[in-house]
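If you read the sequence shown in this note's numbering, its first letter stands for residue 107, the second for the next number, and so on. In this text, a Cβ means the ideal position worked out from N, Cα and C, and glycines have one as well. To start, the structure under review is shown below, and the notes come after it.
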Amino acid sequence: MTAQKFRGKAVLTGMDTRTALALALGALAVYAAYRNPELGTAIGVGVIVVTLLLAFLK
């Protein structure tokens, strides 16, 4: 999202491509987890692992 000035205040406008892609992939993962609970568990574990790796690399 980008911030632009409107009457002296910053307002958010639009959505960038990375945000739209992340939302679409998140929606797809939620649907897959809903249809198959075992896959949902694997997706959840994967998200936790990736989050921890990114936190440790910073």
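Item, Value
"Coarse secondary structure for glycine 152, derived from DSSP in three states", "helix"
"Neighbourhood of alanine 139 by C-beta, 7 angstroms cutoff - its chain only, sequence neighbours within 5 removed", "Leu145, Gly146 and Ile149"
"Endpoints, the alpha helix (DSSP H) within which glycine 120 is located", "Unbroken run through glycine 120: none, as it is neither H nor E."
"Distance between valine 151 and threonine 125 (C-alpha atoms, nearest Å)", "22 angstroms"
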